[in-house]
Each structure stands twice: as C-alpha cells, then as structure tokens.
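Quick note: to get the numbering used here, add 206 to the position in the sequence shown (first position is 1). Beta carbons: idealized from backbone N, C-alpha and C, even for Gly. Inspection log for the structure reproduced underneath, given as structure tokens.
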Amino acid sequence: MQFFVSKLTRENKIEIYERRKNGETFSSLAKAFDVHKSNIEYLIALIKKHGFDILRKDKNRLYSKEKRKET
C-alpha cells in the first residue's frame with residue numbers, strides 16, 4: 207500500500223494540485239509521483255476544501271531521550 211503523506215514534499219503536493227488544475231489526469235499524476243490514484247484524489251479534495259494551509263510546512267520534531275522521559 208502506498209501512502210502519499212510522508213512520501214511527497216509540500217512542494218510536490220502543490221505541483222500536483224497545479225498540474226491537476228491544468229487538466230492532467232489523476233492516473234498520470236499518480237504514475238509520475240509513484241502514489242496511488244486515490245491518494246491524489248484525496249489530496250486534491252483537501253486542498254480544494256482547505257487551501258494550501260492544510261499542507262505541513264514544518265518537519266517532524268526530534269526530542270532527546272531525556273526530553274521524552276519528562277513527558
């Protein structure tokens with residue numbers, strides 16, 4: 207099973223949206239970015255509903271073992 211969230215960068219997701227807006231098919235986008243077509247459809251729907259703000263800008267936070275033990 208392929209999952210796009212961790213595989214694609216924010217820039218990739220914006221590019222996918224723009225290419226779809228310009229008429230490229232879901233299937234060709236899925237093939238170009240090596241993700242399942244349903245993930246492309248879901249991504250497009252999310253961006254249409256919430257805009258680009260829905261896409262993460264930051265990276266995952268890394269915490270030391272000591273910091274994790276505190277919580």
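Identify the continuous alpha helix (DSSP H) that holds L235 and give its terminal residues.
232-239
Would you identify the three-state DSSP class for R262, choosing helix, strand or coil?
coil
Which whole-angstrom value describes the C-beta separation of K227 and A236, a residue pair presumed to lie in contact below a C-beta threshold of 8 Å?
That pair is no contact at about 16 Å.
Does the distance from the CB of L252 to the CB of I246 come in under 8 Å?
no
Through-space distance from G229 to Y269, alpha-carbon basis
43 Å
Would you kindly work out how many angstroms separate the C-alpha atoms of K254 and K271, rounded to a whole number?
40 Å
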